[in-house]
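Trainee:
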Amino acid sequence: MSAASSTVSTIAQDTPQLDRARKIEGPWRGAIARLVRNRLAVASAIFIVVIALMAIILPEVMPVKYDTQDYNAVTQGPSRAHLMGTDNLGRDIFVRLVYGARISLTVGLVVQAVIVLIGVPIGLVSGYIGGKLDTLIMRIVDVLYAMPNLLFVILIMTWLRGTFSSDPGGIAGALAWVDSRTGGLFGVYIGLGMISWLTVARIVRANAMSLKEKEFIEAARSLGVPHRQVMFRHVLPNTMAVVVVAATLGIPGAILYEAGLSFLGLGVIPPASSWGLMISEAIPNMRTHPYMLISPAVVLSLTVLAFNFLGDGLRDALDPWMKR
Amino acid sequence: MNRGPYIIRRVLMLIPTLLAIYTLTFFLIHATPGSPWSQGDKPVPPRVLERLNAAYGLDKPLWHQYFDYLKNVLLHGDFGPSFSQRSRSVSDIIGATFPVSLKLGVLAMIIALVLGLTLGTIGAIKHNGFLDYLTSFVAITGISTPSYVICSLLVLLFASTLHLVPTGGWDGIFSTKAIIPAVALALYPAAVLTRYMRSSMLDVLSADYVRTARAKGLNDHAVIIRHAIRNALLPVLTISGVILADVITGSFFVESIYSVPGLGRYFVESISKRDYPVILGTVLLFGAVVSVMNLIVDILYPLLDPRMTRT
Numbered sequence: 000m001s002a003a004s005s006t007v008s009t010i011a012q013d014t015p016q017l018d019r020a021r022k023i024e025g026p027w028r029g030a031i032a033r034l035v036r037n038r039l040a041v042a043s044a045i046f047i048v049v050i051a052l053m054a055i056i057l058p059e060v061m062p063v064k065y066d067t068q069d070y071n072a073v074t075q076g077p078s079r080a081h082l083m084g085t086d087n088l089g090r091d092i093f094v095r096l097v098y099g100a101r102i103s104l105t106v107g108l109v110v111q112a113v114i115v116l117i118g119v120p121i122g123l124v125s126g127y128i129g130g131k132l133d134t135l136i137m138r139i140v141d142v143l144y145a146m147p148n149l150l151f152v153i154l155i156m157t158w159l160r161g162t163f164s165s166d167p168g169g170i171a172g173a174l175a176w177v178d179s180r181t182g183g184l185f186g187v188y189i190g191l192g193m194i195s196w197l198t199v200a201r202i203v204r205a206n207a208m209s210l211k212e213k214e215f216i217e218a219a220r221s222l223g224v225p226h227r228q229v230m231f232r233h234v235l236p237n238t239m240a241v242v243v244v245a246a247t248l249g250i251p252g253a254i255l256y257e258a259g260l261s262f263l264g265l266g267v268i269p270p271a272s273s274w275g276l277m278i279s280e281a282i283p284n285m286r287t288h289p290y291m292l293i294s295p296a297v298v299l300s301l302t303v304l305a306f307n308f309l310g311d312g313l314r315d316a317l318d319p320w321m322k323r
Numbered sequence: 000m001n002r003g004p005y006i007i008r009r010v011l012m013l014i015p016t017l018l019a020i021y022t023l024t025f026f027l028i029h030a031t032p033g034s035p036w037s038q039g040d041k042p043v044p045p046r047v048l049e050r051l052n053a054a055y056g057l058d059k060p061l062w063h064q065y066f067d068y069l070k071n072v073l074l075h076g077d078f079g080p081s082f083s084q085r086s087r088s089v090s091d092i093i094g095a096t097f098p099v100s101l102k103l104g105v106l107a108m109i110i111a112l113v114l115g116l117t118l119g120t121i122g123a124i125k126h127n128g129f130l131d132y133l134t135s136f137v138a139i140t141g142i143s144t145p146s147y148v149i150c151s152l153l154v155l156l157f158a159s160t161l162h163l164v165p166t167g168g169w170d171g172i173f174s175t176k177a178i179i180p181a182v183a184l185a186l187y188p189a190a191v192l193t194r195y196m197r198s199s200m201l202d203v204l205s206a207d208y209v210r211t212a213r214a215k216g217l218n219d220h221a222v223i224i225r226h227a228i229r230n231a232l233l234p235v236l237t238i239s240g241v242i243l244a245d246v247i248t249g250s251f252f253v254e255s256i257y258s259v260p261g262l263g264r265y266f267v268e269s270i271s272k273r274d275y276p277v278i279l280g281t282v283l284l285f286g287a288v289v290s291v292m293n294l295i296v297d298i299l300y301p302l303l304d305p306r307m308t309r310t
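Chains A and B are the protein sequences, given in the same order.
Quick note, the first sequence lines up with residues 0 to 323 if you use numbering that gives the first Met the number 0.
Quick note, the second sequence lines up with residues 0 to 310 if you use numbering that gives the first Met the number 0.
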């Protein structure tokens, strides 16, 4: 109830000023106000920011790197020198977790960027233009939906990685450089992006189809605004809320996929660090050194949990009318 | 209302779908550099390489291989010989390992349904109460924890520490060895089902006919069991088909940790070994599982819910 009344008051404050920028900001500001009232979402956002800051700053200032080995402290439990202990190669688990956070957060964001770049234009065109084009696009989407996801990602990834390493010159060489800079994850970004844009495209399409029938679109059309402008100026901004929610809720999935691939030995290339790789390295030692398994597992779950809570909170905040 | 043509059209759609999956996979694996024969430490002599390629038809033009394989699959149901295990055919491998993955998946799905439907119903009945928050919390934790983490934690706790069950292996679904992999595999779908069941139950509980049932003096028990759950199950059962396909095709983390001889492990191996027939066979099989499950859901939905006409 209070959420609804705050929307009303925001609109009431904004309406007298016909300042365009403010009007566009209106619903978003209301949404932020609602989000801030959701304690779980705020706590999750803070957790994510803290992890992100650690991932960005700590590797630049820490004297120890992800592959630095301390031969005097192999498989040691948590201590003052090694906050979370060391693994079977004498590498500091905390340090490796921090580097792993870089990988996980980057995967989450880059994959969502790929998804939005592919899914939004396709969904928008398909839903707004409709007709034969729409039918064709949706058939393709249906077929791709039937691809077994994980298998497909692995195939695309292996293909990209093989192509980079076999041809050192030109574009492939440049991409190989990007690949090695990202710990061998370029293929994961593209592979995950290529299978995950389907859902976003469907959501945007459905949204565009219903918006197309709205009066303000009709008004814009009858004023002579060309279709392309209607699509980008009027339909697109009104689907952004749905896209933001879908992208946020897609981040945990991407993080789990990367961890899973690294767990199978198909993700980051050792000695680079990834939470999934740390978990798989810990499993042979888990009976004697359970702490090696616990810390990456807990950090991975908490991060995924935080993105899920934040996404749920965003959905509730951006969609007050649909909220139960 | 005659739904025959719709069902026939949906079944016929399987053909282009599987053909597209085959085509994509075929060209993807052949575009990937590397050869099935250059796997050992020693390079294979060129003459041997030539013979091998000729024996397995890899010296023919690509489109030739594409149609040859397709013809074998369609006319003879033959998915070819495995390149890495020379004495076995892909059909042998799938025949020996897929039933294991299937049984494990179905067992996990049963556990997930029991857990998910119960927890979801409890959550909805105690809406916004302590039990609701507790079940929601358990559900979202289940969604956020990958199966390989759950599996290894279960092994650590129940097998290595408490010695209640073995630490790995497979003896069929009626052995204690099936407990850990099935539970580990079940938790994620159970969590998803809990959330679906909860929101579906909440929808139903606020419906008019439930109010009517209460108004005519039925007790809570009768209202929930006879009126609410039956209708709340509809959307949940339809999503179950898709979830089951996910569980069957996604079991290889658990299989590799618990040494279950399922199909998943072969797939990962076959990719690095460039074992083309095994890759194609597995992808086609999993693609068929996913699309048949989608098909069953689409066909069943209007039958279960007469309000739903075809779109």
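Idealized CB from N, CA, C, for every residue including glycine.
Predicted model only: the values in this text are computed from it and were never measured.
Take the Cβ of residue 176 of chain A as the centre, count every other Cβ of all protein chains shown within 10 Å, and call the residue buried at 16 or more, exposed below.
Mentor: Exposed, because fewer than 16 other Cβ atoms sit within 10 Å of the Cβ of residue 176 of chain A.
Trainee: Where does residue 205 of chain B sit, in a helix, a strand or coil, going by DSSP?
Mentor: coil
Trainee: Quick one: Cα of residue 300 of chain B to Cα of residue 241 of chain B, how far?
Mentor: 13 Å
Trainee: Under 7 Å, CB to CB, which of the residues in the segment 234–254 of chain B have a partner in chain D?
Mentor: The chain labelled as chain D is not found among the protein chains of the depicted structure, namely A and B.
Trainee: When you compare the CB of residue 290 of chain B with every CB in chain A, is at least one pair closer than 7 Å?
Mentor: yes
Trainee: Closer than 9 Å, Cβ to any Cβ of chain B: which residues of the segment 47–65 of chain A, in chain order?
Mentor: none
Trainee: Is it buried or exposed, residue 148 of chain A, if we count other Cβ atoms within 10 angstroms and call 16 or more buried?
Mentor: Buried: at least 16 other Cβ atoms inside 10 Å.
Trainee: Counting only C-beta atoms, is residue 5 of chain B closer than 7 Å to chain A at any point?
Mentor: Taking 7 Å as the threshold, the shortest C-beta distance from residue 5 of chain B to chain A does not fall below it.
Trainee: For the alpha helix (DSSP H) that contains residue 207 of chain A, what are its first and last residues?
Mentor: 185–211
Trainee: Let's see if you can read the secondary structure: which residues bound the alpha helix (DSSP H) around residue 280 of chain B?
Mentor: 275–303
Trainee: Can you list, in chain order, the residues of its chain with a C-beta nearer than 7 Å to that of residue 322 of chain A? Leave out the 5 residues immediately preceding and following it.
Mentor: Unreliable positioning characterises residue 322 of chain A in this predicted model, as indicated by a pLDDT of 42, which lies under 50. A coordinate reading is not provided.
Trainee: Between the segment 191–210 of chain B and the segment 220–235 of chain B, are three or more C-beta pairs nearer than 8 Å?
Mentor: yes
Trainee: Between the segment 232–256 of chain A and chain B, which residues of the former have a C-beta closer than 9 Å to a C-beta of the latter?
Mentor: Of all residues in the segment 232–256 of chain A, those with a C-beta nearer than 9 Å to a C-beta of chain B are 251 and 255, reading in chain order.
Trainee: Sorted by chain position, which residues of the same chain lie with C-beta nearer than 6 Å to residue 157 of chain A's C-beta, five sequence neighbours on each side aside?
Mentor: none
Trainee: Suppose contacts are defined by Cβ-Cβ distances below 7 Å. Is residue 40 of chain A in contact with residue 308 of chain A by that definition?
Mentor: Between residue 40 of chain A and residue 308 of chain A, the gap from beta carbon to beta carbon is short of 7 Å.
Trainee: Could you tell me which residues DSSP puts in a beta bridge with residue 79 of chain A?
Mentor: Checking the DSSP bridge columns, you'll see residue 79 of chain A has no partner listed.
Trainee: Going along chain B in order, which residues have a C-beta closer than 8 Å to the C-beta of residue 285 of chain A?
Mentor: 151, 154, 155 and 159
Trainee: Contact check, residue 189 of chain A vs residue 159 of chain A under 8 Å by CB: the rounded distance?
Mentor: 6 Å
Trainee: To the nearest angstrom, report how far apart residue 29 of chain B and residue 115 of chain B are at their CA atoms.
Mentor: 42 Å
Trainee: Rounded C-beta distance between residue 266 of chain A and residue 276 of chain A? I'm assuming under 8 Å.
Mentor: 7 Å
Trainee: For residue 311 of chain B, is the classification buried or exposed, using 16 other Cβ atoms within 10 angstroms of its Cβ as the cut-off for buried?
Mentor: Chain B is shown only over 0 to 310; residue 311 of chain B falls outside these bounds and no answer can be derived.
Trainee: Could you tell me whether any Cβ in chain B is nearer than 7 Å to the Cβ of residue 191 of chain A?
Mentor: no
Trainee: Determine the direct distance from the alpha carbon of residue 157 of chain B to that of residue 179 of chain B, and round the result to whole angstroms.
Mentor: 8 Å
Trainee: Please list the partners that residue 92 of chain A has in chain B, where partner means a Cβ-to-Cβ separation under 7 Å.
Mentor: Within chain B, no residue comes near residue 92 of chain A; the closest Cβ sits about 16 Å away, beyond 7 Å.
Trainee: Once the 5 residues before and after residue 23 of chain A are set aside, which same chain residues still bring their CB inside 8 Å of it?
Mentor: In this predicted model, residue 23 of chain A has a pLDDT of only 49, less than 50, meaning its place in the structure is not dependable enough to derive any value.
Trainee: For residue 20 of chain A, would you say it is in contact with chain B, using Cβ-to-Cβ distances shorter than 7 Å as the test?
Mentor: Per-residue confidence for residue 20 of chain A stands at a pLDDT of 47, beneath the threshold of 50, marking its modelled position as unreliable; no derived number is given.
Trainee: Taking 7 Å as the threshold (C-beta atoms), are residue 144 of chain A and residue 197 of chain A in contact?
Mentor: yes
Trainee: Answer yes or no: does any C-beta atom of chain B fall closer than 7 Å to that of residue 300 of chain A?
Mentor: yes
Trainee: Jot down the residue ranges of each uninterrupted alpha helix (DSSP H) in the segment 181–253 of chain B, minimum 4 residues, whole runs only, in chain order.
Mentor: 207–214 and 229–248
Trainee: Give me the chain A residues within the contact set of residue 383 of chain B, using Cβ-Cβ distance strictly less than 7 Å, ordered along the chain.
Mentor: Past the edges of chain B, shown from 0 to 310, lies residue 383 of chain B, and the structure says nothing about it.
Trainee: Which residues, in order along the segment 132–151 of chain B, keep a beta-carbon less than 8 Å from a beta-carbon of chain A?
Mentor: 139, 140, 142, 143, 144, 145, 147, 148 and 151
Trainee: Where does the unbroken alpha helix (DSSP H) through residue 102 of chain B begin, and where does it stop?
Mentor: 89–124
Trainee: In angstroms, rounded to a whole number, what distance separates the CA positions of residue 18 of chain B and residue 160 of chain B?
Mentor: 49 Å
Trainee: Can you tell me which of the three DSSP states residue 84 of chain B falls into?
Mentor: Residue 84 of chain B carries a coil assignment under DSSP once its states are collapsed to helix, strand and coil.
Trainee: Considering only DSSP beta bridges, list what residue 91 of chain A is partnered with.
Mentor: A/85
Trainee: Helix, strand or coil, according to DSSP, for residue 9 of chain B in the structure here?
Mentor: helix
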